[in-house]
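Residue numbers (the working numbering), protein chains in the order written: chain A, 1 to 432; chain B, 433 to 864. The structure appears below as structure tokens.
2 protein chains.
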Amino acid sequence: MVPHLVTALNGPLLDLEKKILAATPAIERWFRMEWQEHTPPFYCSVDLRNSGFKLAPVDTNLFPGGFNNLSAEMLPLAVQAAMAAIEKYCPDAKNLLLLPELHTKNTFYLQNVARLMQIFRQTGLHVRLGNLTEGVTESQTLELPDGTSVTLEPLQRSANGRRLGLENFDPCTILLNNDLSSGIPSILENLNEQNLLPPLHAGWAVRRKSNHFAAYDEVIKKFAKLVDVDPWMLNPFFTKCHQINLQEHIGEEALASSVSSLLSKMRKKYKEYGIKEKPFVIVKADAGTCGMGIMSITDANQIKDLNLKQRNKMSVGKDGLPIHDVIIQEGVPTFEHINESVAEPVVYMIDRYVVGGFYRVHADRGINENLNAPGAHYVPLAFAQQHALPDLLAKPGTTAPNRFYMYGVVARLALLAASLEMEKTDPNPEIY
Amino acid sequence: MVPHLVTALNGPLLDLEKKILAATPAIERWFRMEWQEHTPPFYCSVDLRNSGFKLAPVDTNLFPGGFNNLSAEMLPLAVQAAMAAIEKYCPDAKNLLLLPELHTKNTFYLQNVARLMQIFRQTGLHVRLGNLTEGVTESQTLELPDGTSVTLEPLQRSANGRRLGLENFDPCTILLNNDLSSGIPSILENLNEQNLLPPLHAGWAVRRKSNHFAAYDEVIKKFAKLVDVDPWMLNPFFTKCHQINLQEHIGEEALASSVSSLLSKMRKKYKEYGIKEKPFVIVKADAGTCGMGIMSITDANQIKDLNLKQRNKMSVGKDGLPIHDVIIQEGVPTFEHINESVAEPVVYMIDRYVVGGFYRVHADRGINENLNAPGAHYVPLAFAQQHALPDLLAKPGTTAPNRFYMYGVVARLALLAASLEMEKTDPNPEIY
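Printed below as a string of structure tokens:
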């Protein structure tokens with residue numbers, strides 16, 4: 001199924017699509033060279049926003065759920081990419097320990113876990129699931145809607161304390177599908193003999209969005225030069241604001257002033273390109289995920305006028321953790337619709353390869369709102385369509401494969417940024 | 433489209449499918465480890481025969497045409513595999529010189545060339561075509577049915593004589609899609625600064641089927657142990673017979689005696705498994721391709737009774753080259769049909785990855801005949817179908833993805849054999 005592309009591209013983004021398609025060999029070679037220098041994250045999903053006048057990543061997830069939402073036709077692509085990834089970290093790997101989130105009642109999430117197990121089995125691994133809940137000693141079997149089940153098993157450190165595994169299961173690689181929002185469990189510390197992927201500093205206990213988007217700035221500077229476009233076409237302005245506490249009115253003025261200056265930078269760009277939309281910014285927790293602690297603002301004065309409910313919402317993230325540091329990011333409206341609903345593309349990658357994607361669709365949200373919220377549903381991106389390779393003969397802006405190729409390029413720019421971010425924030429950098 | 437699987441599997445092959453599916457993690461890990469030791473051919477297609485009681489490769493092509501017959505949905509898999517391959521040989525590659533066959537009037541073949549160019553462009557390469565015709569000095573543009581065209585350009589050696597390229601085009605890698613049946617052109621000799629892929633000794637000027645199937649024997653010995661099956665289930669008996677000349681009745685008795693002894697080995701196996709079919713052997717040129725110089729024999733006496741036309745047919749291969757060396761291979765009837773026509777699967781690989789396949793279908797041929805003949809047509813294998821990963825819950829022998837997975841495994845066994853074959857026949861082996 002190809003979602004109907006309601007906005008046939010025109011204006012600036014049409015030009016971007018043309019430039020990206022024409023520069024394909026140069027772009028792919030550039031990525032190939034970058035991946036010689038930088039190690040891609042093991043896996044990653046990127047939320048994109050396509051406003052018709054710009055196309056930008058707004059969230060880069062290093063512990064992607066939602067593999068169950070990818071079209072089944074594209075699974076062989078995921079298996080192939082996972083084979084390449086595994087070979088890199090542990091070519092003789094036999095066992096993989098997967099550590100999922102503890103959303104044990106969320107059958108959508110459990111289907112994601114089952115899908116990941118299926119993918120890694122096909123790469124030649126025995127996959128078992130570990131339970132990150134502290135102190136748990138019993139296995140727990142969870143039923144899936146298709147009648148199958150998955151089993152979470154208690155974790156064990158080896159006798160010498162150096163390795164992590166399960167009963168009768170010594171993995172070469174430990175794959176986290178848990179974003180560590182609530183901190184780093186002590187059982188994951190000091191595992192020097194096994195590959196722990198992604199590394200602990202990729203988890204939200206340590207990671208900061210502002211580091212990611214700073215790295216993305218760097219990536220885009222180089223890429224925009226390569227394809228000869230204004231970097232702003234691919235990059236939302238952002239700034240960070242630390243040590244605020246909206247419940248206690250701390251740092252409110254600094255936040256309002258940052259919002260105000262970002263909005264005025266946006267107005268200049270909107271004027272330059274003749275864009276009639278009303279600029280807005282997104283304020284969100286610098287650490288954290290799951291669509292929590294996010295607000296959309298069109299005027300700096302809105303900050304001081306926030307009501308108590310809004311202040312509370314902006315003060316607590318996933319797992320009830322307090323929010324004191326935020327980033328303010330240029331809002332990119334999404335002009336893509338599926339039927340009557342607002343949609344945004346999400347692109348999935350394993351190692352350096354795009355392996356699929358879907359549209360996140362929300363019937364009750366506007367074009368300038370966060371769609372990662374209860375009520376969202378998912379429509380697989382049509383990477384699997386006939387002529388899934390770019391069609392150079394097609395009229396620009398009219399074919400799905402050409403647009404999806406562009407999405408894949410921008411998602412990989414965010415992937416590369418995540419790679420730089422991980423290098424820069426590594427607490428124990430390797431010296432070469 | 434899934435071709436109707438007329439023979440639901442039963443008997444020995446059903447058991448093989450079960451064993452292969454159950455052993456998937458072990459099989460994939462085994463391949464992973466083998467590819468640590470051996471370099472896969474750059475690309476490869478394998479003709480398989482599924483008789484219901486055995487599944488075996490009957491031809492391993494190291495210069496595959498027919499990429500245009502793969503389903504378009506699966507092209508991203510080919511691109512991803514090609515990325516991995518290119519990265520291995522020349523990570524900073526910018527230019528690829530592709531040297532096709534000189535079938536300039538065969539628009540099917542030209543579509544294969546165009547498809548290969550499209551795949552490699554997506555991996556970040558500028559691709560141009562060189563003309564292997566000796567003495568040609570002009571470019572030649574050839575029209576394709578879809579209105580596009582491809583251009584064959586004259587080859588040039590660099591001023592110092594060390595490199596091969598085109599005007600203003602210095603490639604890092606030269607990819608042969610020409611099987612060199614008529615010998616190694618001198619312009620391809622002594623290219624030590626560029627990657628020439630596949631290597632010259634993969635071409636039919638040097639290559640011998642008997643070396644390939646000897647290597648396949650070795651591979652199957654190990655694999656059959658891993659999955660606990662009779663190696664014969666996956667491996668056709670073969671023997672070779674050199675220095676014959678059927679036109680001049682030279683070596684006829686030796687050939688008849690080899691045929692006779694192979695048929696009696698087969699009869700024993702047929703008896704062991706209760707197979708009611710009439711055994712037959714295929715006699716074919718030890719060097720050569722394109723379905724030429726092949727005959728199907730059920731009785732050794734047929735050799736001395738060959739008529740003049742048959743003798744002539746068996747004496748001349750592709751490009752009119754004389755045939756003096758043959759291999760005699762156990763015939764594997766194909767029990768797969770599409771509509772009323774006999775069909776055999778062909779699996780395509782790039783580097784170590786299965787990237788697609790199709791059924792070769794021939795309306796006018798029998799189950800014990802060669803289908804690679806004028807009148808054949810091609811139906812893409814449904815690797816792209818829903819649940820393209822093996823379905824472990826399905827009833828054995830009933831689902832296409834499970835069968836295609838088994839095909840992919842056997843095709844990769846032939847790929848591995850080709851890798852061993854290339855190592856053993858390398859005229860300049862690298863010493864490690």
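Think of the CB as a built atom: it goes at the ideal place given N, C-alpha and C, for glycine as much as any other residue.
Looking at the unbroken beta strand (DSSP E) that takes in F63 (chain A), where does it start and where does it end? Counting along the chain, F63 (chain A) falls outside any beta strand (DSSP E), and DSSP gives it neither H nor E.
Judging by CA-CA distance, which residue of B:H809, B:G484 and B:C476 is the nearest neighbour of A513 (chain B)? Nearest in C-alpha terms to A513 (chain B), of all of B:H809, B:G484 and B:C476, is B:C476.
Do L55 (chain A) and L13 (chain A) come within 8 Å of each other at the CB atom, strictly closer than that value? yes
With 8 Å as the threshold, decide whether the Cβ of Q818 (chain B) is near any Cβ in chain A. The predicted model places Q818 (chain B) with a pLDDT of 39, which falls under 50 and marks its position as unreliable; any figure quoted below should be read in that light. True, the Cβ-Cβ gap to chain A drops below 8 Å.
Run the CB neighbour count on S618 (chain B), radius 10 Å, all protein chains shown included, and call it buried at 16 or more, exposed below. Around the C-beta of S618 (chain B), fewer than 16 other C-beta atoms lie within 10 Å, and the residue is accordingly described as exposed.
Can you check whether the C-beta of K19 (chain A) is within less than 8 Å of a C-beta belonging to chain B? no
Which full runs of the beta strand (DSSP E) of 3+ residues lie inside the segment 545-578 of chain B, going along the chain? 558-563 and 572-575
Closer than 8 Å, Cβ to Cβ, to anything on chain A: give me those residues from the segment 619-630 of chain B, in chain order. So nothing in the stretch comes that close.
Check each residue of the segment 545-579 of chain B: if its Cβ is closer than 7 Å to any Cβ of chain A, include it; give the result in chain order. Q550, R553, Q554, T555, G556, L557 and H558
Where does V659 (chain B) fall in DSSP's three states? helix
How about V582 (chain B) and L542 (chain B): do their beta carbons lie closer than 8 Å? For V582 (chain B) and L542 (chain B), yes; Cβs fall inside 8 Å.
DSSP three-state label for I27 (chain A), please. helix
So with Cβ pairs under 8 Å, would you call Q80 (chain A) a contact of chain B? yes
Could you list which residues in chain B have their beta carbon closer than 9 Å to that of Q36 (chain A), in chain order? Ordered by position in chain B, the residues that pass the 9 Å Cβ test against Q36 (chain A) are E519, P523 and D524.
Assuming D479 (chain B) and P472 (chain B) make a contact with CB atoms under 8 Å, what is their CB distance in whole Å? Between P472 (chain B) and D479 (chain B) the Cβ distance is about 18 Å, and since that is not below 8 Å, they are no contact.
Would you mind sorting G497 (chain B) into buried or exposed? The rule is 16 or more other CB atoms within 10 Å of its CB. Label assigned to G497 (chain B): buried.
I want to see whether chain B comes within less than 8 Å of T298 (chain A), judged by CB atoms only; does it? Any Cβ of chain B closer than 8 Å to the Cβ of T298 (chain A) would place that residue at the interface, and such an atom is absent.
Whether K155 (chain A) touches N177 (chain A) by CB criterion (8 Å): Just to set this straight, residue 155 (chain A) is Leu in the shown sequence, not Lys. In this structure, N177 (chain A) does not lie closer than 8 Å to L155 (chain A) by Cβ.
For the segment 680-756 of chain B, list the beta strand (DSSP E) runs that are entirely contained and at least 3 residues long, ordered along the chain. 713-717 and 726-729
Just to make sure I have the definition right: I need the residues of chain D whose C-beta is within less than 9 Å of the C-beta of T766 (chain B). Which are they? In the displayed structure, chain D is absent; the protein chains listed are A and B.
Can you give the Cα-Cα distance for S258 (chain A) and L62 (chain A), rounded to whole angstroms? 28 Å
Quick one: residues in its chain with C-beta nearer than 7 Å to the C-beta of A646 (chain B), no 5 flanking neighbours on either side, listed in chain order? none
Limits of the unbroken beta strand (DSSP E) element including S773 (chain B): S773 to I782
Using 8 Å as the cut-off, can you tell me whether the segment 593-613 of chain B makes contact with the segment 628-642 of chain B, which would need three or more C-beta pairs spanning the two stretches below that distance? yes
Taking just the CA atoms, how far does D823 (chain B) sit from T857 (chain B)? 40 Å
Helix, strand or coil for Q543 (chain B) per DSSP? helix
I'd like to know whether the C-beta of L77 (chain A) is nearer than 8 Å to at least one C-beta of chain B. yes
Interface flag, A826 (chain B) vs chain A, CB-CB below 8 Å: For A826 (chain B), the answer is no, since every Cβ of chain A falls outside 8 Å of its Cβ.
C-beta atoms of L557 (chain B) and I518 (chain B) nearer than 8 Å: yes
Going by the CB atoms, is the gap between L175 (chain A) and L102 (chain A) shorter than 8 Å? Cβ distance not < 8 Å, so L102 (chain A) and L175 (chain A) don't count as in contact.
Cross-strand partners of K380 (chain B) (DSSP beta bridge): A question about residue 380 (chain B) goes unanswered here, because the residues of chain B that appear run from 433 up to 864.
Measure the beta-carbon distance from P374 (chain A) to Q468 (chain B) and round it to whole angstroms, keeping in mind my assumption that it falls under 8 Å. 47 Å between Cβ atoms; not a contact.
Is Y353 (chain A) close to chain B, meaning its C-beta is less than 8 Å from at least one C-beta of that chain? It does: the Cβ of Y353 (chain A) has a partner Cβ on chain B nearer than 8 Å.
Is it right to say H242 (chain A) is buried, meaning 16 or more other beta carbons lie within 10 angstroms of its own, or is it exposed? exposed
What number of angstroms, rounded off, separates the C-alpha of N50 (chain A) from the C-alpha of G579 (chain B)? 33 Å
Endpoints, the beta strand (DSSP E) within which N527 (chain B) is located: For N527 (chain B), the enclosing beta strand (DSSP E) begins and ends at N527 to P532.
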